[in-house]
Amino acid sequence: MRQPTPGLDPAGALSDWQQQVPAPKADWTYHSCKLVTPLYGGGVRAGEVDEEMPIRAAGLRGQLRFWWRIACGPFASSEAMFQRESAIWGGLGSSQPTASKVAVRVDQVRGLQLGAAFTYQQHYNKPGQYMTSPKEADWIESYAVFPARGELAKDKQSIEEAPHRLAQPGLSFRFGVQLHADLDAQQRQEVETALRWWASFGGVGARTRRGLGTLQVQGLAPVSAEEVRARGGQLVLRAAAKSTEQAWKISVGRLRDFRQKPDLGRNPSSKDKIPAGRSRWPEPDMLRRQTRRNAPEHPPEHPVQDVYPRAAFGLPIVFHFKDENKGEPNQQLLVPEGDDRDRLASQLILRPYWDGQRWYPSALLIPGWEQALDVVAQCSPGTDYRAWPRDPAERARLAPQIKPMAGRGDDPLSAFMAYFQEA
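Numbering (the numbering used here), first residue to last: 755 to 1177.
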């Protein structure tokens, strides 16, 4: 019989060896997922659905990480936030990168069907150019997926050969999550919380903040309005809808109306051939003043001249002036201030909300949404203005002068949430 090496403690050696062996990972937990609104993008190329891999595990892990920050942070300091986040999700530390303790996988993908984003109609724009636009029946979808409206093309054929396609509702897949055994009970609970917030308010692909890529996820309790309020956000629901599609269209339609509907976001039309009157928001007249261009019948007249309130809903914003040939400004693009920024994600999420039994039109202001009011936007250097003032007295003075906001709230996002609930 072989004798132990002199001086070796067998029990101690076994303990040392066990500590060096990586801790085993737990079993996979799976959730059945079903797409209930169209999926836009999500592939390697922006705006395209990958037919071979329409749902990407890396994208879902990124969603979970984002919702962990919303639902479980911030902490006492940015350093504490970084340490807590990297301990679960991995990251590049000061010394060496750390691996994620959350593994995800996607399998059993079934039912992929691609369809056009809208029913297109082509119209002549300028000599040698055509532009696509959605038909009236598709205006809500077009408002939610405005990047897919189409670009200027050289001819009609180039438009027809390059339609934007979305994955249609009905796509299903299985989403698996595996937690490393090193995670403690609190960290595991935080991952579960991130999963619930993602299932309630996130999705797959692009434009999820406008309801694209909404999923019905089995086995996760929906996040309640009370939970959202406890984190500093706001969740409001309208009456239950007859279908998921109706819930989505009502949600997105309320924002479009708030910003553009005649007699709400715009003046009523004075002529049958004009679809709507002038905007009741201050930005168009601010741009007329800044460019020193306006049609004779459209002199700048809005009393508010030094804020861009609609920037709080997200950037960029495209302003197209119909009567450019009569002296109006050419197309203007409102973007976040700075040379290296071209977009700012909205703090407002509009989508169908599943309470476990029925679908509801919903509007969510993400916890920390107030930061959107501080964004500084510009169309060109020297045209910088904040979305909304910080001073409460100034807010109370300006809000009644912007008709869609009057009587609804002292900032544009709060006013919209009040409008969302109106009959």
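Here a beta-carbon is modelled for each residue, glycine too, at the ideal position from N, C-alpha and C.
Note that this is a predicted model, so its numbers are computed, not measured.
- [ ] Report yes or no: do the segment 943-960 and the segment 973-986 share at least 3 C-beta pairs separated by less than 8 Å?
- [x] Flag = yes, the segment 943-960 and the segment 973-986 touch.
- [ ] Give the secondary structure of W1108 by DSSP, where H, G and I count as helix, E and B as strand, and everything else as coil.
- [x] The residue labelled residue 1108 in the question sits at position 354 within the sequence shown. Looking at W1108 - three-state DSSP - the assignment turns out to be strand.
Open item on the list: Run through the DSSP bridge pairs and tell me what W1113 is partnered with.
Closed with: For the purposes of this step, residue 1113 is identified with residue 359 of the sequence shown, where counting begins at 1. Beta-bridge pairing links W1113 to W1108.
Task: Nearest-angstrom Cα separation, counted from R1105 out to D1165 - done: Mapped onto the sequence shown, residue 1165 falls at position 411. Mapped onto the sequence shown, residue 1105 falls at position 351. Between D1165 and R1105, the C-alpha separation is close to 22 Å.
TODO: Helix, strand or coil for D936, going by three-state DSSP, please let me know.
DONE: As a working note, residue 936 is residue 182 in the sequence shown. Residue state, collapsed to three classes: coil.
Open item on the list: Considering only the alpha carbon of each residue, which of Y897, E1037, C826 and M1159 lies closest to D1017?
Closed with: Within the sequence shown, residue 1017 is the residue found at index 263, counting from 1. Ranking Y897, E1037, C826 and M1159 by Cα distance to D1017 puts M1159 first.
Task: Own chain partners of G813 with C-beta closer than 7 Å, once the 5 adjacent residues on each side are dropped - done: On the sequence shown, residue 813 is found 59 positions in, with the first residue counted as 1. Excluding positions up to five away in sequence, the list reads G796 and V958.
Task: Alpha-carbon to alpha-carbon, E944 and Q774 - done: Taking the first residue of the sequence shown as 1, we reach residue 774 at position 20. Taking the first residue of the sequence shown as 1, we reach residue 944 at position 190. Below a pLDDT of 50, predicted positions are generally treated as unreliable, and Q774, at 45, falls in that range; the measurement from the model is reported next regardless. Looking at the two C-alpha atoms, the distance is approximately 27 Å.
- [ ] With L1167 as the anchor, note down where its beta strand (DSSP E) starts and where it stops.
- [x] If you number the sequence shown from 1, residue 1167 lands on position 413. DSSP places L1167 outside any beta strand (DSSP E); the residue lies instead in the alpha helix (DSSP H), whose first and last residues are P1166 to Q1175.
Task: I1103, DSSP secondary structure in three states - done: If you number the sequence shown from 1, residue 1103 lands on position 349. I1103 falls in the strand class under three-state DSSP.
Open item on the list: For a minimum of 3 consecutive residues, which ranges assigned as the beta strand (DSSP E) are wholly contained in the segment 933-973?
Closed with: 969-971
Task: the segment 1049-1065 contacting the segment 1138-1145, beta-carbon criterion three pairs below 8 Å - done: yes
- [ ] Would you mind listing the alpha helix (DSSP H) stretches within the segment 791-860 that are 4+ residues and don't spill past its ends, in chain order?
- [x] 811-826 and 832-843
Task: Minimum C-alpha distance to F1170 - residue among P1115, E999, R1008 and R950 - done: As a position in the sequence shown, residue 1170 is number 416, starting the count at 1. When each option's Cα is compared against that of F1170, the closest is R1008.
Open item on the list: Just verifying my parser: in three-state terms, what is the DSSP assignment at S997?
Closed with: Translated into positions along the sequence shown, residue 997 becomes position 243. S997 falls in the coil class under three-state DSSP.
Task: CB contact check: R1013 to chain B, cutoff 8 Å - done: The displayed structure is made up of one protein chain only, and chain B is not part of it.
Task: T783 classed as buried or exposed, judged by whether at least 16 other C-beta atoms fall within 10 angstroms - done: By one-based count along the sequence shown, residue 783 stands at place 29. Exposed, because fewer than 16 other Cβ atoms sit within 10 Å of the Cβ of T783.
Task: Residues that T783 bridges to, as DSSP identifies them - done: Taking the sequence shown and counting its residues from 1, the one referred to as residue 783 is at position 29. V931.
- [ ] Note down the Cα distance separating G844 from G816, rounded to an integer number of angstroms.
- [x] Here residue 844 is taken as the residue at index 90 of the sequence shown, counted from 1. Here residue 816 is taken as the residue at index 62 of the sequence shown, counted from 1. Rounded to whole angstroms, G844 to G816 spans 11 Å at the Cα level.
Task: Spatially closest choice to Q972 from A1172, K788 and G1163, by CA coordinates - done: One-based indexing of the sequence shown puts residue 972 at position 218. Nearest of A1172, K788 and G1163 to Q972, Cα basis: K788.
TODO: Verify whether the separation of the beta carbon atoms of S1168 and S1005 is less than 8 Å.
DONE: As a first step, residue 1168 is located in the sequence shown; it is residue number 414 there, counting from the start. As a first step, residue 1005 is located in the sequence shown; it is residue number 251 there, counting from the start. No; because the gap between Cβ atoms is not below 8 Å, this pair is not in contact.
Open item on the list: If you measure between the beta carbons of W1108 and A995, is that distance less than 8 Å?
Closed with: Mapped onto the sequence shown, residue 1108 falls at position 354. Mapped onto the sequence shown, residue 995 falls at position 241. No. Outside cutoff.
- [ ] Identify whether K1003 lies in helix, strand or coil by the three-state DSSP scheme.
- [x] Sequence index remark: in the sequence shown, residue 1003 carries index 249 (1-based). DSSP, reduced to helix, strand and coil, places K1003 within a helical segment of the structure shown.
- [ ] Measuring alpha carbon to alpha carbon, tell me which of Y1173, L866, I1120 and E833 ends up nearest E981.
- [x] For this step, residue 981 is matched to residue 227 along the sequence shown. Ranking Y1173, L866, I1120 and E833 by Cα distance to E981 puts I1120 first.
TODO: Return the Cβ separation of L793 and P808 in integer angstroms, given the expectation that the two are a contact with Cβ distance under 8 Å.
DONE: The residue you call residue 793 lines up with position 39 of the sequence shown. The residue you call residue 808 lines up with position 54 of the sequence shown. In this structure, L793 and P808 form a Cβ contact; the two beta carbons are roughly 7 Å apart against a cut-off of 8 Å.
Task: Proximity of L989 and V790 at Cβ, strictly below 8 Å - done: Here the question's residue 989 lines up with position 235 in the sequence shown. Here the question's residue 790 lines up with position 36 in the sequence shown. Cβ atoms of L989 and V790: not closer than 8 Å.
Open item on the list: Taking 8 Å as the limit between beta carbons, can you name the residues of its chain near E1082, skipping five residues before and five after?
Closed with: The residue given as residue 1082 occupies position 328 in the sequence shown. Correct list, in chain order: R1042, R1047, N1048, A1049, H1052, F1075 and K1076.
TODO: Might you give, ordered along the chain, the residues of its own chain that have their beta carbon closer than 7 Å to the beta carbon of E905, omitting 5 neighbours on each side?
DONE: If you number the sequence shown from 1, residue 905 lands on position 151. With a pLDDT of 43 at E905, under the threshold of 50, the modelled position of that residue is not reliable, and no figure is offered here.
Open item on the list: To the nearest angstrom, how far is the alpha carbon of F820 from that of P1090?
Closed with: Within the sequence shown, the letter at position 66 stands for residue 820. Within the sequence shown, the letter at position 336 stands for residue 1090. So the two alpha carbons sit approximately 21 Å from each other.
Open item on the list: Please report the straight-line C-alpha distance between D936 and K855, rounded to a whole angstrom.
Closed with: For the purposes of this step, residue 936 is taken as the residue at position 182 of the sequence shown. For the purposes of this step, residue 855 is taken as the residue at position 101 of the sequence shown. C-alpha separation (whole angstroms): 8 Å.
TODO: Could you name the residues of the same chain whose beta carbon sits closer than 6 Å to that of L1152, not counting the 5 residues immediately before and after it, in chain order?
DONE: Here the question's residue 1152 lines up with position 398 in the sequence shown. Only V1058 meet the Cβ criterion.
Open item on the list: For P1135, count the other beta carbons within 10 Å of its own beta carbon; 16 or more makes it buried, fewer makes it exposed. Which is it?
Closed with: Mapped onto the sequence shown, residue 1135 falls at position 381. So P1135 ends up on the exposed side.
Task: Buried or exposed by the 16-neighbour rule on C-beta atoms within 10 Å, applied to A870 - done: In the sequence shown, the residue the question calls residue 870 occupies position 116. With fewer than 16 other Cβ atoms within 10 Å, it is exposed.
Open item on the list: Helix, strand or coil for L789? Go by DSSP, reduced to three states.
Closed with: Locating residue 789 in the sequence shown gives position 35, where the first residue counts as 1. Strand at L789.
- [ ] For K1080, count neighbouring Cβ atoms within 10 angstroms of its own Cβ and tell me buried if that reaches 16, exposed if not.
- [x] Counting from 1 along the sequence shown, the entry for residue 1080 is found at position 326. Flag for K1080 reads exposed.
Open item on the list: I1156 and W1035 - do their beta-carbons sit closer together than 8 Å?
Closed with: Locating residue 1035 in the sequence shown gives position 281, counting from the first residue. Locating residue 1156 in the sequence shown gives position 402, counting from the first residue. Taking 8 Å as the cut-off, the beta carbon of W1035 is found closer than this to the beta carbon of I1156.
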